[in-house]
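Read through the structure below, which is laid out as structure tokens, and then see the notes.
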Amino acid sequence: TYEAYREKMCFVPPTYGVSFMDTDLCGLCTEQFGIQGLAYTVGGASASGQVAIIQAIEAIQADRVDVCIAMGALMDISYMECQALRSLGAMGSERYADEPAMACRPFDQSRDGFIYGESCGVVVIERADSAVRRREKPYAKLAGWDMGMDRNRNPNPSYEGEVRVIRRALEKAKLLPEEIDYINPHGTGSVVGDEIEIKALQDCKLSHAYINATKSIIGHGLSAAGTVEIIATLLQMKESRLHPTRNLEEPIQLDCNWVKNESVPAIIHNTMNLSMGFGGINTAICMQKCESRI
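Numbering-wise (my numbering), the sequence shown opens with residue 1139 and increments by one.
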């Protein structure tokens, strides 16, 4: 909006005075669905979508609401943000400018940063008894979760922080590491981030679980990524099939159970999703397949 109107500022639409605020997303949703309960936005950088889901779960647990919509909202970035992320070393280079389909390479030896991709996603979270009353068919049960900070304002990931949330989420879910069938990781294609994430998973005894990277297909949606990847996990559980990890030709670790360039059939009972954000944000969510359909 600024770029479009900077030479004629007096023509900026008055509605921009409302729509630039994050509360406009709350206003849109509550108006659309007639919501009079709580509504707020959360800031968790690239973990925002998963943080929103955790906040929704805890709002239901606290009896503040019976049903909650958790949205991973679109993060629209300008050239300025792209340039800063490139300079930071977080966003991929122009190595694959002539072969863009090859550029997004999470966990591959040739990765050199994330590739941005617009996305958004929404999930509805509710009490099991509420779903039963309405005869809804839940995709999965939210079994355990955790969020923790690294006491670090910077973008560098923390092995200790990731291990901590993984172990706490498993503990809350009352699951042993060997009971996890599938992991949807943060997996951005970051040179440092991917290495640390795989080390955390290995040291938490999760190398046996299937691993694929949703970002290899759709890119990194930043604030939306955590919610979109939960949706990808739910759909894979439902269909008993795991999507490929595009461009995973030379994995950074050979002793993990990778889903590479072809999809594979798999019965998935217990899953884990990881999502990390700049500023030392770590999140993990465990889900369980609902064996008895309503």
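Yeah, the Cβ is synthetic: ideal placement off N, Cα and C, and Gly gets one too.
Thinking just about the alpha-carbon of each residue, which of the options is nearest to the one in residue i?
i              : options                            : result
tyrosine 1154  : Tyr1140, Cys1167, Asp1288          : Tyr1140
glycine 1418   : Leu1386, Thr1161, Glu1300, Arg1379 : Glu1300
glutamate 1317 : Arg1271, Ile1405, Thr1352, Glu1333 : Ile1405
arginine 1438  : Arg1271, Asp1250, Glu1237, Tyr1178 : Not covered by the structure: residue 1438. The range shown for the chain is 1139 to 1432.
Do residue j and residue i have their beta-carbon atoms positioned less than 8 angstroms apart in this structure?
i               : j                  : result
leucine 1176    : alanine 1211       : no
alanine 1228    : serine 1354        : no
tryptophan 1283 : lysine 1312        : no
glutamine 1426  : alanine 1269       : no
proline 1389    : phenylalanine 1158 : no
leucine 1412    : glutamate 1335     : yes
glycine 1325    : serine 1186        : no
proline 1323    : isoleucine 1349    : yes
isoleucine 1192 : methionine 1287    : no
Counting along the chain, where does the beta strand (DSSP E) carrying residue i start and finish?
i               : result
lysine 1279     : 1278–1287
methionine 1414 : 1408–1415
isoleucine 1423 : 1419–1427
tyrosine 1217   : Where tyrosine 1217 is concerned, there is no enclosing beta strand (DSSP E), although the alpha helix (DSSP H) it sits in stretches over 1217–1226.
glutamate 1333  : Element bounds for glutamate 1333: not the beta strand (DSSP E) but the alpha helix (DSSP H), 1329–1341.
valine 1205     : 1205–1210
glutamate 1264  : 1259–1264
tyrosine 1143   : Per DSSP, tyrosine 1143 belongs to no beta strand (DSSP E); it is in the alpha helix (DSSP H), 1140–1143.
isoleucine 1191 : No beta strand (DSSP E) contains isoleucine 1191, which is instead part of the alpha helix (DSSP H) from 1186–1199.
Whole angstroms are fine: how far does the CA of residue j sit from the CA of residue i?
i                  : j               : result
valine 1189        : threonine 1383  : 24 angstroms
isoleucine 1432    : alanine 1266    : Note on isoleucine 1432: pLDDT 35, under 50, position unreliable in the model; the coordinate value appears next. So the alpha carbons of these two residues sit roughly 10 angstroms apart.
glycine 1331       : asparagine 1294 : 8 angstroms
serine 1401        : threonine 1168  : 38 angstroms
glutamine 1174     : alanine 1281    : 28 angstroms
leucine 1308       : glutamate 1145  : 55 angstroms
threonine 1421     : valine 1205     : 22 angstroms
threonine 1365     : isoleucine 1356 : 13 angstroms
alanine 1200       : proline 1151    : 41 angstroms
lysine 1398        : methionine 1240 : 14 angstroms
phenylalanine 1252 : methionine 1375 : 26 angstroms
leucine 1380       : cysteine 1428   : 18 angstroms
Where do the N-terminal and C-terminal ends of the alpha helix (DSSP H) with residue i fall, by residue?
i               : result
alanine 1311    : 1297–1311
tyrosine 1154   : 1154–1157
methionine 1375 : 1363–1377
isoleucine 1356 : 1353–1356
Does residue i have its Cβ less than 8 angstroms from a Cβ in chain D?
i            : result
alanine 1338 : In summary, chain D is missing from the structure at hand, where a single protein chain is found.
Query raised in the report: Between the stretch 1361–1371 and the stretch 1244–1263, are three or more C-beta pairs nearer than 8 angstroms?
Result: Contact between the stretch 1361–1371 and the stretch 1244–1263 is present, because at least three Cβ pairs lie under 8 angstroms.
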